[in-house]
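Chemist: First, the structure itself, so that you have it in front of you.
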Amino acid sequence: MTAVSVNETKTQKKLKPRFVDNIAKKMVFKLLENIAVGHLIVEDNGVTYNFGQPKDQTDLVAHIHVEHPSIYRDVLFNGTVGSGEGYMLGSWRSPDLVKVIRLMVLNMSMLKAMDSKWNWIKQSLARLMHAFNHNSRTGSRKNIAAHYDLGNDFFQLFLDHSMMYSAAIFPSAAASLEEASENKLKHICERLQLGPTDHLLEIGTGWGGMAIYAAKHYGCRVTTTTISREQHDHALAWVRQEGLEERVTVLLKDYRELTGVYDKLVSIEMIEAVGHQYYQTYFRRCAALLKQDGLMLIQSITIPDQRYEQSRNTVDFIQRYIFPGGALPSIEVIARHVSSDTDMQIVGLEDITHHYAKTLAEWKQRFQLRLDEVRQCGFDDIFIRMWDFYLSYCEGGFAERVIGTSQFLFAKPRCHQLPVSTHLGVRG
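Numbering-wise (the numbering used here), the sequence shown opens with residue 728 and increments by one.
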């Protein structure tokens, strides 16, 4: 069983390159000659090629081993998406994939050329296909199911016991993932100043970790909603197991279907599934669901403001294979919609990007230690390599800050609760 549509037509043994592969290789190497930061070593059929800074002048040295010559065509005609597809099919490998990703994103002008020079036809087709993944009520359910309904057993293999599938906040360099996830939940609850008299609305249940933590540790009532059947059923069972049925209500509803008013609102890395054209709808609905003295906290993965327009007009590996319908806002876009579409004000903004790189490294290590169990869940080696690329792609992106993560705190007009400053933990 696999969730991808790439056909494994390439053999893993060395093959004599075709004429077109040799031409593609020369053109890709021409692009790699533009590497200005770091050092890249490419090993192909017994020959070693070096690109970038001298090895003794950089701490970032990345290695690529070419296993099939068609990877050059994949990269030339499909850019970074093609490189990911080639990795999935075993056309290339690396002893440290995160270093390869970091080196590539540090050479952004070269990467842009790789993604635009020859692959405009495929990118145009990808944008057309991605347009069908828009996040209407029906489309959102389909897009969410494509990722989260891979099965609860699968996600339990690499997430911590809280089942938080979002950036943790590490209180110290030696903290475990479990400690970091709990620290994140505590930080959110304290920023929202939750108490026993509060009714908290959560948009995006996940597997129930946030709702259960808030109810158990702060005594508040929680209504939480998801559009994933797998997550809904898991969260409902967990609430019952904890004996919290009187405090926690789990809904299977789209955020656009919610009614009522709440004291506080939280949404942890759900906005990435909203879609560019629905930001106005999302923020207006959130504001309408909050009392006039309410507080709202969202945690969001973001794209730098300078790259937002480019990002919304391209389809990357994550959108193609991991999160159909996914879209990253920028900090400016969030601030603009809150300002123009709601009566809320931003009263707090905290950057936790460096914590996400460490979170992803923890997930990947856990994932790789349990590959036999991943296969027992019904997933093949293409799926495993796809997830290896996905986790490494994200870790490298956060490590070099080409993507970020922030927590935004918003207040309604009559909210007089001052934001609480709390210690976020160490850097790195």
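The beta-carbon is built from N, C-alpha and C at its ideal position, and this holds for glycine as well.
(1) Look at the alpha carbon of Q1046 and the alpha carbon of R974, and state the distance between them as a whole number of angstroms.
(2) Out of curiosity, what's the CA-to-CA distance linking E812 and E794?
(3) Alpha carbon to alpha carbon, how far is L1096 from L884? Give it in angstroms, no decimals.
(4) Should S797 be labelled buried (16 or more other beta-carbon atoms within 10 Å of its own) or exposed?
(5) Which same chain residues, not among the five before or five after A1054, have their C-beta less than 6 Å away from its C-beta?
(6) Hey, out of S843, E1036, V977 and Q780, whose CA is closest to T953's CA?
(7) From D1068, A938, T1080 and M997, pick the residue whose C-alpha is nearest to that of P1031; which is it?
(8) When the distance is taken between beta carbons, is M837 closer than 8 Å to N761?
(9) Determine the DSSP secondary structure at M937, reduced to helix, strand or coil.
(10) Quick check on V793: does DSSP put it in helix, strand or coil?
(11) Using three-state DSSP, classify R956 as helix, strand or coil.
(12) Which two residues bound the contiguous beta strand (DSSP E) that contains F699?
(13) Check each candidate in F1050, I1049 and L1076 and name the one with the smallest Cα separation from I1061.
(14) Which of the three DSSP states, helix, strand or coil, is assigned to V1101?
(15) Let's see if you can read the secondary structure: which residues bound the beta strand (DSSP E) around L1022?
(16) Quick check: the stretch 912-926 against the stretch 956-970, are there 3 or more CB pairs under 8 Å?
(17) Please list the terminal residues of the continuous alpha helix (DSSP H) segment that includes T1080.
(18) I need the DSSP call for Q1037, collapsed to helix, strand or coil.
(19) Give the DSSP bridge partners of L978, in chain order.
(20) Whose CA, out of F1110, S1038, R1112 and P1051, lies closest to the CA of V1129?
(21) Pick helix, strand or coil for Q1072, following the three-state DSSP scheme.
(22) Between which two residues does the alpha helix (DSSP H) holding V832 run?
(23) What residue range does the beta strand (DSSP E) around K911 cover?
(24) With a CB to CB cut of under 6 Å and the five nearest residues on each side skipped, what residues in its chain are close to T950?
(25) Could you check whether S1027 and P1051 sit closer than 8 Å to each other, using their CB atoms as the reference points?
(26) With 16 as the cutoff for other CB atoms within 10 Å, does D786 come out buried or exposed?
(27) DSSP three-state label for E999, please.
(28) Am I right that L824 and D1115 are in contact with their C-beta atoms under 8 Å? What's the rounded C-beta distance?
(29) For D887, I'd like the list of residues in its chain whose CB is within less than 6 Å of its CB, leaving aside the five on either flank, ordered along the chain.
(30) Per DSSP, which residues does D771 bridge with? Please list them.
(31) Measuring only the C-alpha atoms, how far is N777 from L985?
(32) Quick check on V1065: does DSSP put it in helix, strand or coil?
(33) State yes or no: is the C-beta of Y1048 within less than 8 Å of the C-beta of K1018?
(34) Enumerate in chain order the residues of its own chain whose CB-to-CB distance from A1138 is below 6 Å, with the five nearest sequence positions on each side excluded.
(35) Return yes when at least one heavy atom of the ligand SAH lies under 7 Å from the C-beta of V755, else no.
Modeler: Let's see:
(1) 36 Å
(2) 13 Å
(3) 9 Å
(4) buried
(5) G1002 and H1003
(6) V977
(7) T1080
(8) yes
(9) helix
(10) strand
(11) helix
(12) With the chain running from 728 to 1155 in the structure shown, residue 699 is simply not present.
(13) L1076
(14) helix
(15) L1017 to T1029
(16) no
(17) T1080 to L1096
(18) helix
(19) T952
(20) S1038
(21) strand
(22) L824 to L833
(23) Unbroken run through K911 is the alpha helix (DSSP H), L904 to R918; no beta strand (DSSP E).
(24) L928 and T976
(25) no
(26) exposed
(27) helix
(28) 7 Å
(29) L904, E905 and S908
(30) V774 and V793
(31) 56 Å
(32) helix
(33) no
(34) L1022, Q1072 and V1074
(35) As far as ligands go, the structure on display features none, and thus does not contain the ligand SAH.
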